[in-house]
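Only one structure is covered here, and it is reproduced in the block below.
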Amino acid sequence: MRAQQRLLRAIESDLKKAGLPPLGWYDVLWELARAEEGKLRPFEIEERTLLAQYNLSRLIDRLEREELVSRETFAEDGRGRWVVITETGRALRERMWTVYSKAIEVHVGSKLDEPAATALVNLLARFSA
């Protein structure tokens, strides 16, 4: 757990130095970007990220204020709402990925040789099965 915390702090620091928002923003924008039609219901975002519902609600509000996402009413019944990534949100996610991917290489990739990387991938795959 300490290694995970150290890694996340280092990545957050790299994003901050680049003038970019926190990693949680990336996670939400990434899930929306890869969703069909770029939209999900809030509970679907919660299921796909590590964010608790109360934190996610506030984050979605913030992303909407920044015009990175919008909310649309369900056409089916008019009661629920979609969270939809905007073009501005897509552009920010891509800028964040540039820094995020470099941070992964610096803080993880550069510390592993090929056999160690393969072993790590195989080990992590056991937990996601």
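Whatever position you read off the sequence shown (first residue = 1), add 776 for our numbering.
Glycine included, C-beta positions come from ideal geometry on N, C-alpha and C.
For residue i, does the three-state DSSP call read helix, strand or coil?
i: THR849; result: strand
i: LEU816; result: strand
i: VAL860; result: strand
i: LEU844; result: coil
i: VAL875; result: helix
i: ARG869; result: helix
i: LEU832; result: helix
i: VAL884; result: coil
i: ARG855; result: coil
i: LEU827; result: coil
i: LEU839; result: helix
Under DSSP, the alpha helix (DSSP H) around residue i begins and ends at which residues?
i: LYS792; result: 778-793
i: THR894; result: 890-904
i: GLY800; result: 799-810
I'd like to know whether the C-beta atoms of residue i and residue j end up nearer to each other than 9 Å.
i: ARG857; j: THR864; result: no
i: LEU808; j: LEU816; result: yes
i: TRP801; j: LEU839; result: yes
i: GLU813; j: VAL882; result: no
i: LEU888; j: LEU899; result: no
i: ALA879; j: ALA779; result: no
i: VAL804; j: LEU784; result: no
i: VAL875; j: ALA794; result: yes
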